[in-house]
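Participant: Numbering (this note's numbering), first residue to last: 61 to 115. Don't be surprised by glycine CBs; every beta carbon is placed ideally from N, CA and C.
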Amino acid sequence: VNIINDMRVCPKCHTKLKYNYVRYHHIGNAYCPNCDFKSPEADFRVSNIDFENEN
Numbered sequence: 061v062n063i064i065n066d067m068r069v070c071p072k073c074h075t076k077l078k079y080n081y082v083r084y085h086h087i088g089n090a091y092c093p094n095c096d097f098k099s100p101e102a103d104f105r106v107s108n109i110d111f112e113n114e115n
């Protein structure tokens, strides 16, 4: 599998990042197993989608 991630290593300690999930081959939720670096929390969250009424 050829997956391209936004970041492969931690910008603080240069340890290889782990991902809780990856979407669209490059967007995901990453964290460093060696230090406290992690992806920021989302500002918004979708909780209810009405596909029939498109809202």
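Exposed or buried, which one is residue 70 when buried takes at least 16 other CB atoms within 10 Å?
Facilitator: Result: buried.
Participant: Tell me which same chain residues have a C-beta within less than 8 angstroms of the C-beta of residue 75, skipping the five on either side of it?
Facilitator: 69, 92, 93, 94 and 95, listed in sequence order.
Participant: Could you check what DSSP says for residue 94 in three-state terms: helix, strand or coil?
Facilitator: Looking at residue 94 - three-state DSSP - the assignment turns out to be coil, as it is neither helix nor strand.
Participant: Less than 6 angstroms between C-beta atoms, sequence neighbours within five positions excluded: which residues of the same chain meet that for residue 99?
Facilitator: Contacts found: 89 and 90.
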